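Have a look at the structure below, then the notes.
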Amino acid sequence: MAEKYAISALLTSSCYRCSSDSGDPAKFIKCCLCNRWAHTKCVNLVGIKSENICNVRYLCDVCFTEVSALKKFINDVEEFKSDL
1 MAEKYAISAL LTSSCYRCSS DSGDPAKFIK CCLCNRWAHT KCVNLVGIKS ENICNVRYLC
61 DVCFTEVSAL KKFINDVEEF KSDL
């Protein structure tokens, strides 16, 4: 059931990188944080076999940047706390 929902959501979405909704649904990947869809080709993940794509925890570049900034902030706070 979840797989059917994911395919249906994909069919109404487009690649956030190239804005195209064309292509084989097996060649799309979804960001695990914001649920943006992208062609594997557009995000340089072309070597992943379509049967393994569900096992990949992918972060789009927007979420990756935000997570990286959050990790840096947490590290800065921890460093500040240790200096007190």
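The sequence shown begins at 1 in full-length UniProt numbering and counts up by one.
Heads up, the beta-carbon is just placed ideally off N, CA and C, and yes, glycines get one too.
Keep in mind the model is a prediction, meaning the values are calculated, not measured.
Those residues which DSSP pairs with residue i across a bridge
i, result
"Tyr16", "Beta-bridge pairing links Tyr16 to no other residue."
Residue i classed as buried or exposed, judged by whether at least 16 other C-beta atoms fall within 10 angstroms
i, result
"Lys30", "buried"
"Ala38", "buried"
"Arg36", "buried"
"Lys72", "exposed"
"Cys18", "exposed"
"Thr40", "buried"
Close beta carbons around residue i, own chain, < 7 Å, minus the five adjacent residues each side
i, result
"Cys63", "Cys31, Leu33 and Cys34"
"Arg57", "Cys32"
Check whether residue i and residue j have beta carbons under 8 Å apart
i, j, result
"Cys54", "Tyr16", "no"
"Asp24", "Ser14", "no"
"Lys81", "Ser50", "no"
Start-end ranges of the beta strand (DSSP E) lying completely within the UniProt domain "PHD-type" (12–66), minimum 3 residues: 28–30 and 37–39
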